[in-house]
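Line by line, the protein sequences are chains A and B. Read in my numbering, the first sequence has 270 at position 270, and its numbers run on one by one without any break. For any residue, its number in my numbering is found by taking its place in the second sequence, counting from 1, and adding 1000. In what follows, a structure is listed as structure tokens, so that the remarks can point back to it.
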Amino acid sequence: MSKEATGAKRLAEGILQGGRRELAKLITRVENANPAARLALAELYPHTGRAHIVGVTGSPGCGKSTLVNEIVKQLRAAGETVGVVAVDPTSPFSGGALLGDRIRMRDLAGDAGVFIRSMASRGSLGGLARATADVVRLLDAAGFDFVLVETVGAGQAEVDIAKAAHTTIVVQAPGMGDDIQAIKAGILEIADIFVVNKADRPGAENTRKALEMMQRLGDGGNGQERHHSRPLGSGHEAAVELPPSAMRPPRPGWEVPILLTVGIEGVGTVEVIDAIRAHVAHLHDSGELQVREAARVEAELAMMLREALLADLLNKMPAEQIDVMLARVVAREIDPYTAVDHLVKAGVNGNESG
Amino acid sequence: MTKEKIRVLIAKPGLDGHDRGAKVVARALRDAGMEIIYTGLRQTPEMIAEAALQEDVDVVGMSILSGAHMAQVPRVIELLQANGMGDAKVFVGGIIPDEDIPVLKEKGVSAVFGPGTSTILIGKIIREAVLGE
Ligand SMILES: Nc1nc2c(ncn2[C@@H]2O[C@H](COP(=O)(O)OP(=O)(O)O)[C@@H](O)[C@H]2O)c(=O)[nH]1
Ligand SMILES: [Mg+2]
């Protein structure tokens, strides 16, 4: 075993024994896509699957970190340990990042039952989702009862991260353009709980109403129960009027709550905790937990398989052949489909002979 | 493979409420390609050392204007050594009397940046200290 591999193994063992330094170091290796991190993750995998993972997402400045601080305080009061991953964007110009989420989480300092890690989004979207999932796994293996993941916005990366969470909280705030036009259809798909924060500000009630309206629209198109109770065809017609992304996937047995909070004063956060706990119970009782877990693993494996196969094939494809094909396609001597056929065959044949 | 990034914790120990300088440096270091974890005002040495550990930073930068440096900085270094973060480079910025600088360096501070030090220079010194150039 290489020195790096032995080191990774030792870090994994340290994590299982509650070592915080080891945990922090291994998170860094995962972030740096260090190959040794994979060995440690493999070692730790059997010890994962116990934490309840909560995603918290929303526009910058809507109060996510403030809410995370309050949620963690209450979970701690109930004796639960909590790991936090706070993701902020990397500057596309410098590659650097300013990670300020800890400013709002100062109440949590000095508590051995809490571990907070700030993460920059760094490179590709897919890369971020995978690195985040791996960091969450490390915290899970370290034995934290809850893992909270704070991410910005509702782009593809957040949707992917949300899929890896058991409970996703979408935070909105009034006066931040989070009104009916701006509310992204995608958030209906990922939200298990809506929070309208900054309820001390004017417009909070409007934001709540806008969310409620969008929910109703989504239900009209896709709500299971209603669909069944209607005469044939009418559910279908409603569905045609809405873009598919605006439709909420059916959450049988779960009514997505819309909660108002004032994060800076801790107002309404008890209700958020209650909703999280109710959702945990719902996931367990309905069997939805297994369904989600299976879907998540399937998506993850499919993605990794795709990447591995592609990398393998590209590796085996003779580089000069790619150049030749490129030139021929440019010269209109051959069409791109035929070129790809040739290249894939060349890659696969290289596989057989090698 | 992702390139490794220099991670820097920027903290304001002590009771003074001025973090303008700390924020300017934080932004400059971000623009120099580093990942900055900014912890905000009124950090105790315990909070700083624990945050440094959780964030696995290469550098701990402290901005102090209140004159509390001789009490706070050596304590942070002690705690960093105790929690396994002794390798992290420690920098101090702010208003530090000349006669205190050798004492702080003796205790393990890599460099002290007085008011008006160019942020480009700060970035360069930090990079060299971390990469051992
Ligand atoms: N008025 C008001 N301000 C809040 C509330 N919650 C958070 N804030 C403030 O909103 C700003 C952004 O909060 P933060 O938690 O950092 O938002 P994040 O970017 O979503 O993580 C900070 O200045 C907070 O003090 C609230 O309920 N009401
Ligand atoms: Mg935040």
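All residues carry an ideal CB built from backbone N, CA and C; glycine is no exception.
List the residues of chain B whose Cβ lies closer than 8 Å to the Cβ of residue i, in chain order.
i         : result
Ile103(A) : Tyr1038, Thr1039 and Gly1040
Asp120(A) : Note that residue 120(A) is Ala in the sequence shown, not Asp. Going along chain B in sequence order, the residues near Ala120(A) (Cβ under 8 Å) are Lys1005 and Glu1035.
Against residue i, what residues of chain A qualify as contacts under a CB-to-CB distance less than 7 Å, listed in chain order?
i          : result
Met1034(B) : Gly96
Ala1026(B) : Leu98
Arg1030(B) : Ser91, Ser94, Gly96, Ala97 and Leu98
Going by the CB atoms, is the gap between residue j and residue i shorter than 7 Å?
i          : j          : result
Phe115(A)  : Gln1043(B) : no
Val196(A)  : Thr207(A)  : yes
Thr355(A)  : Arg104(A)  : The first residue shown for chain A is 1 and the last is 354, placing residue 355(A) beyond what the model contains.
Arg117(A)  : Ile27(A)   : yes
Ala319(A)  : Val329(A)  : no
Asp1016(B) : Leu1065(B) : yes
Ile1006(B) : Gly1061(B) : no
Arg296(A)  : Ala164(A)  : yes
Pro1102(B) : Arg1075(B) : no
Ala36(A)   : Ala12(A)   : no
Pro257(A)  : Ile193(A)  : yes
Lys1089(B) : Ser1110(B) : yes
Thr81(A)   : Asp134(A)  : no
Ile1077(B) : Gly1123(B) : no
Ile161(A)  : Ala129(A)  : yes
Gly63(A)   : Gly268(A)  : no
Leu1104(B) : Val1073(B) : yes
Val136(A)  : Val152(A)  : no
Ser1063(B) : Gly1021(B) : yes
Met213(A)  : Leu188(A)  : no
Ala210(A)  : Pro174(A)  : no
Leu1079(B) : Ala1051(B) : no
Ala131(A)  : Val291(A)  : no
Just confirm the distance between the C-beta atoms of residue i and residue j, as a whole number of angstroms; I'd bet it's less than 8 Å.
i          : j          : result
Arg76(A)   : Asp140(A)  : In fact, because the Cβ distance is near 18 Å, the residues do not count as touching under 8 Å.
Asp1056(B) : Ala24(A)   : 4 Å
Ile1096(B) : Gly1116(B) : Incorrect: roughly 13 Å between the Cβ atoms, too far for contact.
Ala199(A)  : Leu260(A)  : 4 Å
Met1070(B) : Ala109(A)  : The pair is not a contact, with the Cβ atoms about 23 Å apart (cut-off 8 Å).
Trp254(A)  : His284(A)  : 12 Å between Cβ atoms; not a contact.
Lys9(A)    : Leu39(A)   : 6 Å
Glu1004(B) : Asn32(A)   : 5 Å
Gly18(A)   : Gly113(A)  : That belief does not hold up - the Cβ atoms of Gly18(A) and Gly113(A) are roughly 11 Å apart, past 8 Å.
Leu1093(B) : Val1025(B) : Rather than Leu, the amino acid found at residue 1093(B) in this sequence is Gly. Between Val1025(B) and Gly1093(B) the Cβ distance is about 6 Å, and since that is below 8 Å, they are a contact.
Gly1040(B) : Arg20(A)   : Gly1040(B) to Arg20(A), Cβ: 21 Å. No contact.
Given that residue i touches chain B, what residues does it touch there, using C-beta distances under 9 Å?
i        : result
Arg21(A) : Leu1053, Asp1056, Asn1083, Gly1084 and Met1085
Along chain B, in chain order, which residues have C-beta atoms closer than 7 Å to that of residue i?
i         : result
Lys25(A)  : Asp1056
Gly110(A) : Glu1046, Met1047 and Glu1050
Ile359(A) : Outside the modelled stretch of chain A, which goes from 1 to 354, sits residue 359(A), for which no answer is possible.
Arg106(A) : Gly1040
Which residues in chain A sit within 9 Å of residue i, going by Cβ to Cβ distance?
i          : result
Glu1004(B) : Thr28, Glu31, Asn32 and Asn34
Does the distance between the C-beta of residue i and the nearest non-hydrogen atom of ligand 3 fall short of 6 Å?
i         : result
Leu289(A) : By its list of ligands, the structure shown excludes ligand 3, since it contains just ligand 1 and ligand 2.
Sequence ranges, beta strand (DSSP E) only - wholly within the stretch 122-208 of chain A, length at least 3: 146-152, 167-172 and 193-196
Inter-stretch contact at 8 Å, needing at least 3 Cβ pairs: the stretch 1031-1040 of chain B / the stretch 1082-1090 of chain B: no
At least 3 beta-carbon pairs within less than 8 Å: the stretch 267-286 of chain A vs the stretch 69-88 of chain A: yes
Cβ pair count under 8 Å reaching 3, the stretch 53-64 of chain A against the stretch 152-172 of chain A: yes
Inter-stretch contact (C-beta, 8 Å, three-pair minimum) for the stretch 321-335 of chain A and the stretch 81-93 of chain A: no
At least three beta-carbon pairs within less than 8 Å, the stretch 1009-1025 of chain B to the stretch 341-349 of chain A: no
Every unbroken beta strand (DSSP E) inside the stretch 67-103 of chain A [3 residues or more]: 82-88 and 97-99
Any 3 or more C-beta pairs closer than 8 Å across the stretch 1019-1033 of chain B and the stretch 93-109 of chain A: yes
Uninterrupted alpha helix (DSSP H) stretches inside the stretch 291-343 of chain A (no shorter than 4 residues): 319-330
Entirely enclosed alpha helix (DSSP H) segments - the stretch 1087-1113 of chain B, minimum 4 residues: 1100-1106
Secondary structure, beta strand (DSSP E): runs of 3+ residues fully inside the stretch 38-63 of chain A: 52-58
Minimum length 3: unbroken beta strand (DSSP E) runs contained in the stretch 1017-1055 of chain B: 1035-1038
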